[in-house]
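In my numbering, the protein residues as written are 98 to 472. In this text, a Cβ means the ideal position worked out from N, Cα and C, and glycines have one as well. Working notes, structure below.
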Amino acid sequence: MKRNYFGWYILIVLLFSVTACKPSAKNLDSKVSKTYKKENLEHAKGFEIFHSQEDKLLRIYKDKANDSTYQEFKLVKKKLAGDKSTTTIQVPCKKIICLSSTQLTYFFALKDIDNIVATNSSRHLFHEGISKRIKNGSVKRVGKEGHFNAELIAGLNPDLIFVSPFKSGGYDALRNLGIPLIPMAAYDEKTPLGRAEWVKMIAPFIGKEERADSLFQKISIRYDSLKNLTENVRVRPTVFSGKMKSGTWYVPGGKSFYANYFRDAGAKYIIEDDQQGAYPLGFESVYTKAANADFWRILVPEPVGFDREALVKQDARYGDFKAYKNGNVVMCNIREKPYYEQNAMKPDVILADYIHFFHPNLLPNYQPEFYEVLK
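So, in structure tokens, the structure goes:
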């Protein structure tokens with residue numbers, strides 16, 4: 098019996114030791130707080146930055162509600178010789194790869210594209226600087242998700258690659274190259290200013306922290322001033338969004354990114370559920386809710402000159418919506434406007450566009466930048 102008790106005692110001690118050696122998120126937070134100071138973020142929920150006198154810690158969350166689910170990167174001024182870790186990155190970086198135009202947005206806003214050495218195979222880039230660099234070969238095209246040119250990427254020897262966690266395919270091959278992969282999860286934010294604040298995540302990699310702070314502050318102040326214009330409007334026009342795609346209409350939920358935009362612009366979004374993402378509905382379900390809505394907002398990749406006639410040719414039922422009949426289809430054509438290259442860092446401009454249509458008396462001399470009434 099004594100031997101059995103002794104055996105159980107040893108087992109309990111071993112289990113306790115193993116458990117104690119596994120750091121929890123809370124223990125890690127306590128350790129970090131003694132060395133690092135957390136930087137203030139006003140709207141973004143998907144990342145956090147901590148700084149000390151020597152370096153910075155960047156945490157990018159997969160789910161902000163679960164503080165144990167994040168990736169952590171250490172940004173240092175000088176990486177130790179022989180350190181092959183893909184989570185320790187020497188900054189400022191000299192060679193950066195962006196795998197989408199939405200990532201390039203932040204570099205454009207910071208007026209710093211000199212360190213970008215490659216991007217994906219997007220054909221529609223409006224930015225003159227990056228387009229020129231692609232043409233002269235100083236910025237390479239490395240393919241799209243699932244079809245990355247790993248040999249070309251390895252030859253470039255980049256300091257890091259910004260990847261989209263919302264896309265899949267090809268990332269395992271990139272991981273095998275031993276290059277740091279930084280998730281760019283701005284598009285998971287549910288507010289326009291939340292997305293814009295991701296400029297503060299990009300900035301440390303290129304040494305532009307002060308510029309990022311100043312830029313975001315200006316955007317935030319203008320956005321809030323525009324939002325305040327609509328707070329006391331008596332009539333809030335109703336609005337719906339999207340259109341059929343491959344037989345399905347993907348509707349932004351009532352707590353989604355677009356729903357927040359519409360509310361800030363003084364409109365009433367027709368979907369009033371608690372969904373934060375988009376979900377599929379049939380045409381009849383959408384029509385039941387949207388038939389008598391005042392405005393219809395669409396974002397399309399259509400040929401230049403796309404108009405009302407072209408829209409209703411896609412589906413004759415579109416002509417039954419009140420917004421279509423009254424000429425209140427508000428469209429942004431990404432073939433004509435640099436929406437994906439700029440929208441994340443221009444929430445104030447897009448909000449002004451919406452207000453111009455929903456409440457023209459509030460911004461009487463304003464000329465929309467991205468959206469227009471479908472002619």
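contact_flag[the region 432 to 443, the region 197 to 206] where n(CB pairs < 8 Å) is 3 or more: yes
Boundaries (first-last residue) of the alpha helix (DSSP H) holding residue 455: 444 to 455
Is residue 436 buried or exposed, if buried means 16 or more other CB atoms sit within 10 Å of its CB? buried
Which partner residues of residue 338 appear in the DSSP bridge assignment? Paired residue(s): 394.
Could you tell me the boundaries of the alpha helix (DSSP H) in which residue 479 lies? Residue 479 cannot be examined here, being either before or after the span of the chain that is shown, 98 to 472.
Starting from residue 313, trace the alpha helix (DSSP H) in both directions and tell me its first and last residue. 306 to 326
What residues match up with residue 377 in a beta bridge as DSSP calls it? 347
Do residue 390 and residue 420 have their CB atoms nearer than 7 Å? yes
In angstroms with no decimal places, state the Cα-to-Cα distance between residue 388 and residue 362. 21 Å
Any idea what DSSP makes of residue 440, helix, strand or coil? helix
Option in 304, 241, 139 with minimal Cα separation from residue 173: 304
Return helix, strand or coil for residue 217, following the three-state DSSP convention. coil
Buried versus exposed call for residue 323 [16 or more other C-beta atoms within 10 Å across all chains shown]: buried
Rounded Cβ spacing between residue 290 and residue 206 (contact assumed at less than 8 Å): The pair is not a contact, with the Cβ atoms about 14 Å apart (cut-off 8 Å).
When the Cα of residue 294 is compared with those of 468, 144, 462, 459, which residue comes out closest? Distances from the CA of residue 294 to each of 468, 144, 462, 459 were compared; the closest alpha carbon is that of 144.
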